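Notes for the one structure printed next.
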Amino acid sequence: MKYCTKCKKLYTTDELTACRLCGKALITDPHHHSPVDIITANGFELERIKAALTEADIPFSVRECENDTGLQILNSAPPENSHITIPLSYYTQAMELLVGIGAIKEAEELNASDEEKLQQERQNFEEEMSPRKTFWVKLLSIILFIGLIALVVFVADWIGRFINPNFH
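What follows is the structure in structure tokens.
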């Protein structure tokens with residue numbers, strides 16, 4: 098078993114030397130308390146997985162995806178996706194539970210669409226901005242949008258005065 102300390106992903110194949118998502122070198126002997134991201138979910142699916150893990154007495158934590166932090170700060174919207182993280186020592190038990198409730202597929206059921214999904218996940222990981230940078234980009238966008246609206250109002254007012262001098 099190999100483990101990425103940055104992504105918190107666990108790989109069961111011994112051929113890999115670098116993480117598929119971030120490219121960081123994998124370690125071969127992670128500590129049994131190392132946090133492992135087992136699934137990313139949202140909405141009802143997230144609540145269903147949390148309930149199943151709680152019922153099975155598997156400790157877990159939920160961490161929202163970094164892309165959603167700025168949105169939640171700006172308008173208190175619920176996060177789009179959240180990572181569910183468990184200790185490595187509970188990995189086998191949690192995977193059996195997730196397969197049992199249908200949250201993930203068994204290894205032999207994986208197909209080409211899952212490889213495409215992995216490629217998309219890798220691309221999204223590379224494109225992610227830090228939560229702080231995302232917040233400032235969104236804040237600047239809001240300020241520029243308000244400025245654009247004000248500019249349109251002033252230009253419309255100027256055109257109105259130009260067309261009809263009595264127009265106030």
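Take the position in the sequence shown, starting the count at 1, then add 97; the result is the number in my numbering. No residue lacks a Cβ here, since even glycine has one placed at the ideal position from N, Cα and C. Keep in mind that this is a model prediction, so the values were computed, not measured.
request  = Could you please give me the residues that DSSP links to residue 155 through a beta bridge?
outcome  = By one-based count along the sequence shown, residue 155 stands at place 58. In DSSP, residue 155 forms no bridge with anything.
Assuming residue 132 is part of the beta strand (DSSP E), what are its boundary residues?
Here residue 132 refers to the residue found at position 35 when the sequence shown is read from its first residue. That run of the beta strand (DSSP E) goes 132–138.
Exercise. So, does the CB of residue 105 fall closer than 9 Å to a CB anywhere in chain C?
Worked result: The displayed structure is made up of one protein chain only, and chain C is not part of it.
Q. Do the region 178–189 and the region 150–161 make contact, defined as three or more Cβ pairs closer than 8 Å?
A. As far as the Cβ criterion goes, the region 178–189 touches the region 150–161, which means the pair count is three or higher.
ask   = Are residue 119 and residue 108 close, meaning C-beta to C-beta below 9 Å?
value = As a first step, residue 119 is located in the sequence shown; it is residue number 22 there, counting from the start. As a first step, residue 108 is located in the sequence shown; it is residue number 11 there, counting from the start. Between residue 119 and residue 108, the C-beta gap is not smaller than 9 Å, which leaves the two residues out of contact.
_Alpha carbons only, please: which of 104, 262, 130, 138 is nearest the one belonging to residue 122?_
If you number the sequence shown from 1, residue 122 lands on position 25. With distances taken between Cα atoms, residue 122 lies closest to 104.
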